[in-house]
Amino acid sequence: MANIKSQKKRIKTSELQRQRNVSQRSKMKTLEKRATAKISAGSLEDAAAEVKAAISAIDRACSKGVLHRNQAARRKAILQNSLNRMSDV
């Protein structure tokens, strides 16, 4: 345990931030899984709505610093490409 007052505060704030990041990352992953499930199920309208929600969550996580921008772009591209492949078939 830290003895310095500023470090004690820093431990508290970093733990709060970690909890926020964990919850946001969990929500983002849940939306991604839901979108991929709808895509594999084959319903185009439902899948499009879920992909839109997942992309929004990914952008939100990226802007908050939870996710690196390259990883966010990669995840969005994977979702969008799989949706596009489904709509082409």
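Following the numbering used here, the residues of the sequence shown are numbered contiguously, the last one being 146. We put the CB at the ideal spot given by N, CA and C, even for glycine. On a predicted model such as this, the values are computed, not experimentally measured, just so you know.
Query: Contained alpha helix (DSSP H) runs [length at least 4] in the segment 79–144, N- to C-terminal order; Result: 101–121
Query: Option nearest A118 by Cα separation, candidates I135, R82, A130 and Q137; Result: R82
Query: Straight-line gap, K90 to R126 (C-alpha atoms, nearest Å); Result: 20 Å
Query: Integer Cβ distance of S136 from A92, believed to fall under 8 Å; Result: Strictly speaking, residue 136 in this sequence is Leu, with Ser absent from that position. Yes, they are in contact, since the Cβ atoms of L136 and A92 sit about 6 Å apart, within 8 Å.
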